[in-house]
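Please read the structure below before turning to the comments.
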Amino acid sequence: MYRQIVYFSIGWIVIVLCSFGWGYYNSSQKDEQNILKVSRAFFDQIVLTREWNAWHGGVYVYADEKTPPNPYLSKDPERDICLKNGKILTKINPAYMTRQISELAAQYNGAQIHITSLKPIRPANGPTPWERTALKMFETGVDEVGTFTDGHYRYMAPLILQKSCLQCHAEQGYKIGDVRGGISITLPYNRYASLWPRIAGYLAVTVTGLLFIQFFGRRLAKAYRMLEEQSIIDPLTEIPNRRFFMKRAKEEFQRAERDHTPIALIMVDIDYFKGFNDRYGHIEGDVTLKTVAETMKQQLRRPPDCIARYGGEEFVIMLPNTTPEGAAKVAELLRTEIEALKINNEASKCADVVTISLGVATAPHDGVSFEIQLKQADEALYAAKQNGRNRCENTIVEPTEKKISSVF
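Under UniProt numbering, think of the first position of the sequence shown as 1, with each following residue one higher.
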């Protein structure tokens, strides 16, 4: 069962990882779509303000240190207007306005706006290598370009020459509809900003799931263990039942066959137990059965030794790697220990206390089938009963076949 818990835990981790990967991929796709929409909105707003400016032929603002007269409009006789109060109004064309908007955007939200062209009038408007590549792509029909850099998202779209633009750019050979340049927008954007919170969330889900699996897995394992024990443990005497004994016998007889070692079987019966039940009642009989079983179990000190309830008041004991002499000593020890309990049994005809009869069958060599040896032990038990009970009868089983019985 614990192996299944490990498999379920691994499966849960795989599911969470797949969910995390799929969720992060979808989230990244949405984030990229959102930053693209924001960049397009920036670009469209700039284009609209430029068109508004060009539609009015430029706009006038007070000239000062931040907004000096535009040197690239020096040929325009209407570049500057002197007011009666001595202040000067200077014309702001679309390019000049875009530069000032860019400076404000950088101060307020970190956005960087750059108007550029492959043939700029103002040298500072020359393209960066990335912008130059984008401008050449626009000439081939590409509508927009976007890419992620370290902590930023860069977007660029083309500026198409309008009729209002000819006033400044006709001399450069442009025609209406030509790609005159482009505007690049660089926005602060960390595509991994949401990664750590997401990892923390999924880690919490993973740990919670693993704790859930461990908690209920252990409870299921405990329940499974209890069911398994119930299937192999006799509920009254709390020692293994006949089913478990058959399974162990198969393993031990195969081992004896392989290692050429002796093995002993002991059949045990409580003397005159039917009369005990009739006289003292079944409740007292159940208590006695449990006491006899526990006492015999305590005398089997080796891990391979096995005792099981065979049926009714009968028990069977298996002693692997045990000689006939050793098996006889164990049987006699069991008999004396049960007699020493001094449990009254006035229904007994061989003693005034509860006693047991034992039949021992030992195969000193391998090659004896379990079925034959068990039959010999049962016959020895019958002989013990016939000879007065409260005694042990021993027999040695000679090999008759080199094959484990089909009883398994």
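By construction, the Cβ of each residue, glycine as well, lies at the ideal position given by its N, Cα and C atoms. Since the model is a prediction, treat every value here as computed from it, not as a measurement.
Query, Result
"Contiguous alpha helix (DSSP H) assignments of at least 4 residues, all confined to the segment 225–263", "242–259"
"Best match in Y280, L161 and A380 for proximity to A176 [C-alpha to C-alpha]", "According to the sequence shown, residue 176 is Ile rather than Ala. That would be L161, whose Cα lies nearest to the Cα of I176."
"Close Cβ partners of N321 (< 6 Å) along its chain, the five nearest in sequence each way excluded", "T261"
"Segment contact flag, the segment 271–288 with the segment 321–333, C-beta cutoff 8 Å, min 3 pairs", "no"
"Residues near E131 in its chain [Cβ-Cβ closer than 6 Å; skip 5 each side]", "T116 and S184"
"CB-CB length for M267 against A377, believed under 8 Å", "4 Å"
"Where L334 falls, given that 16 or more other Cβ within 10 Å makes a residue buried", "buried"
"Own chain, CB closer than 6 Å to R50, minus 5 neighbours either side, in chain order", "P94"
"The alpha helix (DSSP H) enclosing P304, as first and last residue numbers", "Unbroken run through P304: none, as it is neither H nor E."
"Anticipated Cβ contact below 8 Å, V397 with V368, distance rounded", "5 Å"
"Outcome for C82 when other beta-carbon atoms lying within 10 angstroms are tallied against a minimum of 16", "exposed"
"Extent of the continuous beta strand (DSSP E) run through D271", "Premise fails: D271 is in no beta strand (DSSP E) and is neither H nor E."
"Start and end residues, alpha helix (DSSP H) containing N109", "P94 to N109"
"Pair within 9 Å by beta-carbon distance, I356 and E339", "yes"
"Residue of Y310, E139, D178 and M137 minimising C-alpha distance to T237", "Y310"
"Check whether S39 and L187 have beta carbons under 9 Å apart", "yes"
"Where Y202 falls: helix, strand or coil (DSSP)", "helix"
"Alpha carbon of E401 to alpha carbon of F370, nearest angstrom", "In this predicted model, E401 has a pLDDT of only 47, less than 50, meaning its place in the structure is not dependable enough to derive any value."
"The beta strand (DSSP E) enclosing V145, as first and last residue numbers", "V145 to T149"
"Which residues DSSP lists as bridging H56, in chain order", "According to DSSP, H56 bridges with nothing at all."
"T128 beta carbon less than 9 Å from that of I46", "no"
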